[in-house]
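Beneath this line is the structure, given in structure tokens, with notes to follow.
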Amino acid sequence: MKRIVCLISGRGSNLESILNTAESERWATEVPARVVAVISNRADAAGLAVAAAHGVPTSVIEQQRFASREAFDARLADAIEAHQPDVVVLAGFMRVLGSGFVARFAGRLINIHPSLLPAFPGLATHRQALAAGVRVHGATVHFVASEVDGGAIIAQAAIAVLADDGEESLAARVLSREHLLLPRCVRWLCEGRVALRDGRTVVGDLPSGALALLV
Ligand code: GRF
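For the sequence shown, my numbering gives the first residue as 9, with consecutive numbering after it.
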């Protein structure tokens, strides 16, 4: 049984997509994996209630209670490690993690970012995309490296940018793709179909084209 730990900071819709998918009959029979814990760095994260509704244990570790970033990272890492995870998912975790943390979970730690990386790292990605005038936008799931939004890409989902799109409409369409993309990547990682080797994503037994979601 593969053990998944999810880290969140807010709404938790990506978390919910993982939980719903992992609880589906198909996953249950095909992928021996489950979310064993959800950890938030914010006590007011709505995603905590999402986890509780799915019967997943939650905990909160707030950075302001720690004297330094290193101390917070170390406590968070210990809390994660206590669950003996095979996969750790940053599912809307809005806090940059230090290189010690990243090294400790290398190859097990993935993030979802709402742009087609390497375009538009950081915040306000939909605003960045509109300002740049791109015609295609989307989301990326990648292994976490110490450069923010800079790790090896696992898979991407793309959408068309429409003439009348604003930040909100764009965000909503990208989010709907995130909800398809992230559970798939979690599953592939659990199955060992994707892995991190020498800083690159290596892909095993997957249909050609599966890593690019174009719908
Ligand atoms: C998502 O857009 C994700 O890509 C980004 O933060 C947002 C989290 O949303 N990293 P939610 O909490 O999963 O609803």
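Cβ coordinates follow ideal geometry from the N, Cα and C atoms, glycine included.
Can you tell me whether residue i sits near ligand 1, meaning its C-beta is under 7 Å from at least one heavy atom of the ligand?
| i | result |
| --- | --- |
| G55 | yes |
| S6 | The displayed coordinates of the chain run from 9 to 223. Any statement about residue 6 would go beyond what the structure contains. |
| A99 | yes |
| I118 | no |
| R162 | At residue 162 the sequence reads Ile, which differs from the Arg that was named. Checking the Cβ of I162 against ligand 1 gives no. |
| H121 | yes |
| A132 | no |
From which residue to which residue does the alpha helix (DSSP H) around residue i run?
| i | result |
| --- | --- |
| I26 | 21-31 |
| I69 | I69 -> no alpha helix (DSSP H), and no H or E assigned at all. |
| H134 | 133-140 |
| R205 | No alpha helix (DSSP H) holds R205; the beta strand (DSSP E) holding it covers 202-205. |
| A87 | 77-89 |
For residue i, does the three-state DSSP call read helix, strand or coil?
| i | result |
| --- | --- |
| V194 | helix |
| G55 | helix |
| V96 | strand |
| F113 | coil |
| S154 | coil |
| R181 | helix |
| G146 | strand |
| R103 | coil |
Let's see if you can read the secondary structure: which residues bound the beta strand (DSSP E) around residue i?
| i | result |
| --- | --- |
| R220 | For clarity, residue 220 is Ala in the given sequence; the question names Arg instead. Taken as a continuous stretch (DSSP letters only), the beta strand (DSSP E) holding A220 covers 220-222. |
| L15 | 10-16 |
| S48 | 41-48 |
With three or more C-beta pairs closer than 8 Å as the rule, is the segment 193-211 touching the segment 131-138? no
Meets three-Cβ-pair contact criterion under 8 Å: the segment 67-76 and the segment 117-130: no
Report yes or no: do the segment 98-109 and the segment 81-88 share at least 3 C-beta pairs separated by less than 8 Å? yes
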